[in-house]
Amino acid sequence: MLNIAFIAHDRKKEDIVNFVIAYEHVFKGKKLYSTGTTGMRIMEATDLKIHRFLSGPLGGDQQIGSLIAQNEMDLVLFFRDPLMAQPHEPDITALLRLCDVHGIPVATNLATAEILVRALDRGDFGWRELVEQNKPGLS
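Residue numbers (the UniProt record's numbering): 1 to 139.
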């Protein structure tokens, strides 16, 4: 089962909610995670169940980053607001860096999210299942 994280800055929350509504059929049957308010808003607008972490500024980005570092996240949809300074910018940078280090697809805007979710819908994420099957055990 694929693990997907939803994160959105305040001025992008409506965008991610509408995006998830549009692709709800793709997200059904996946294990979903989110930072606090974003997850709550998505659950209010859909029938999806989402494991909610703390709000981003309170550590939610880092909690999702922990799953990425353990190779337990397959896709991150992070709708960022590039025009607004974020007080927890170092956490955001660390999260994106972890995605790069561990080869986790991440979308930071609607256009890239659409491409990745359409690929997910086509079954193009089979390679992530191979990664999961071959994940070394922790010693």
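Glycine included, every Cβ here is placed at the ideal spot set by N, Cα and C. Everything numeric in this text was worked out from a predicted model, so none of it was measured.
DSSP assignment within the UniProt domain "MGS-like" (1-139) yields the following whole beta strand (DSSP E) runs of 3 residues or more, N-terminal first: 3-8, 31-34, 50-52 and 75-79.
Relative to the Cα of V26, the nearest Cα in the group E129, D81, G56 and R122 belongs to R122. Here L110 is actually not in contact with D10; their C-beta atoms are around 16 Å apart, not less than 8 Å. Annotated as proximal: D61 and L95, with beta-carbon spacing under 7 Å. Here T35 is buried: its Cβ has 16 or more other Cβ atoms, across all protein chains shown, within 10 Å. If you check the CB distance, L98 and P105 do not come in under 7 Å.
Around the CB of Q70, fewer than 16 other CB atoms lie within 10 Å, so the residue is classed as exposed. Nearest neighbour of G56 by Cα position, chosen from I42, T37 and A113, turns out to be T37.
Taking the CA atoms as reference points, L67 sits about 14 Å from I7.
For F19, the closest alpha carbon among the candidates M43, L2, G29 and K31 is that of M43.
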